[in-house]
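Notes follow the structure.
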Amino acid sequence: METMDSRNETFLIEERSKLEDNYVDSLFLMNSPYPIAVIMASYFYFILKFGPQYMEHRKPYSLKNLMLVYNFIQVVYNGWFLFWLVSSSGFLQYLFSQSCFHEPLVDLNFRLKFLNGVWIWFLLKVIDLMDTVIFVLRKKQNQVTFLHVYHHTSVVVSCWAHIKYVRGEQAVMIGLFNSLVHTAMYMYYLLSALGPSVQPYLWWKKHITKLQLVQFVGVTSWFVGITLGCRHRFEDKMYNGYSIAQCIMFFCLFLKFYYDSYNSNKTKQLEKNKTS
């Protein structure tokens with residue numbers, strides 16, 4: 000027979016869930032799937048059809064000032080997000096503890112702070128779509144690869160679905176690793192946009208890809224560990240499995256990119272020709 004305490008707890012959990020649903024629905028782009036669907040459809044249409052056709056008989060845009068501003072914003076935004084995660088008193092400890100077992104009635108302030116953080120990170124991933132738009136306007140369509148497009152689109156859609164339906168704190172490891180990698184990556188882009196004078200100092204480009212590979216290994220290990228060693232809701236288990244599959248796929252794609260860019264015979268020959 001169900002006790003009064005268990006009925007009260009069930010009621011409180013249901014009320015907390017409704018409160019979280021209302022909070023998430025109040026956030027920009029989160030009330031309905033249609034706005035993000037329109038953004039993604041417009042993104043695909045521009046980068047794959049309209050943009051290349053528009054640029055076909057035009058000279059590439061320089062966009063130097065735009066790139067400087069955009070990359071600077073990315074460095075600041077990612078750096079701030081990383082600092083916010085690690086410096087908030089008790090917040091990181093809360094995220095790690097909840098990653099293993101989600102307590103539905105945990106401290107509401109921390110819970111809403113977590114949801115707000117995921118949403119901020121989601122907006123950052125939407126802004127990342129500008130990378131591809133810049134490639135197209137600079138007539139660098141060869142950089143609009145399957146890896147690039149799939150990476151950007153899957154992360155945006157995954158972030159939206161996570162905050163809308165899953166809301167598991169185990170995603171913290173993705174935010175930590177990704178913000179660190181993107182801070183370094185956009186710092187490189189910012190410096191490279193300054194022109195040839197800084198090129199001698201950009202020898203560390205390939206190490207960014209190495210850092211990305213380490214990211215995927217670290218995140219995969221994290222999700223495997225908490226999946227095997229923790230108690231999770233069904234939706235958390237599904238999210239963990241999806242995250243593991245995505246990380247393995249990204250690791251393979253980025254490893255191929257690294258080999259093609261830095262270790263293949265063709266690349267070595269091009270580098271040799273440059274120095275001869």
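Under numbering that gives the first Met the number 0, think of the first position of the sequence shown as 0, with each following residue one higher.
For glycine and all other residues, C-beta sits at the position ideal for the given N, C-alpha and C.
Quantities reported herein were computed from a predicted structural model and do not represent experimental measurements.
Touch check for the segment 99-108 and the segment 123-143: three-plus C-beta pairs under 8 Å? No contact exists between the segment 99-108 and the segment 123-143.
Is it right to say Lys124 is buried, meaning 16 or more other beta carbons lie within 10 angstroms of its own, or is it exposed? For the purposes of this step, residue 124 is taken as the residue at position 125 of the sequence shown. It is buried - the Cβ of Lys124 has at least 16 other Cβ atoms within 10 Å.
Cβ pair count under 8 Å reaching 3, the segment 104-115 against the segment 59-66: The segment 104-115 makes no contact with the segment 59-66: fewer than 3 CB pairs, one atom from each, lie closer than 8 Å.
Under 8 Å: do the segment 206-214 and the segment 179-186 share three or more Cβ pairs, one atom per stretch? Yes: the two stretches touch, three or more of their Cβ pairs being nearer than 8 Å.
Apart from the five residues on each side of it in sequence, which residues of its chain come closer than 8 Å, Cβ to Cβ, to Tyr241? Along the sequence shown, one-based indexing puts residue 241 at 242. The answer, listed in chain order, is Ser157.
In or out: Phe49 buried (at least 16 other Cβ within 10 Å) or exposed? Locating residue 49 in the sequence shown gives position 50, where the first residue counts as 1. With fewer than 16 Cβ atoms within 10 Å of its Cβ, Phe49 is classed as exposed.
Just to confirm the assignment, what range does the alpha helix (DSSP H) spanning Ile162 have? Position 163 of the sequence shown, counted from the first residue, corresponds to residue 162. Element bounds for Ile162: n/a, residue is neither H nor E.
From what residue to what residue does the alpha helix (DSSP H) around Gln214 run? Here residue 214 refers to the residue found at position 215 when the sequence shown is read from its first residue. Looking at the DSSP string, the run of the alpha helix (DSSP H) that includes Gln214 is Lys204 to Gly228.
Segments assigned alpha helix (DSSP H), at least 4 residues, entirely inside the segment 38-95: Counting only runs of 4+ residues, the alpha helix (DSSP H) found wholly inside the segment 38-95 occupies 50-54 and 63-86, in chain order.
Is Phe71 close to chain B, meaning its C-beta is less than 8 Å from at least one C-beta of that chain? This model lacks chain B altogether, as it is built from one protein chain only.
Given a threshold of 16 other Cβ atoms within 10 Å of its Cβ, counted over all protein chains shown, does Ser178 qualify as buried or as exposed? For the purposes of this step, residue 178 is taken as the residue at position 179 of the sequence shown. Within a 10 Å sphere around the beta-carbon of Ser178 sit 16 or more other beta-carbons, which makes this residue buried.
I'd like the list of long-range same chain contacts for Cys229, defined as Cβ closer than 7 Å, with 5 residues on each side in sequence excluded. Within the sequence shown, residue 229 is the residue found at index 230, counting from 1. Taken in chain order, the residues that qualify are Cys99 and Phe100.
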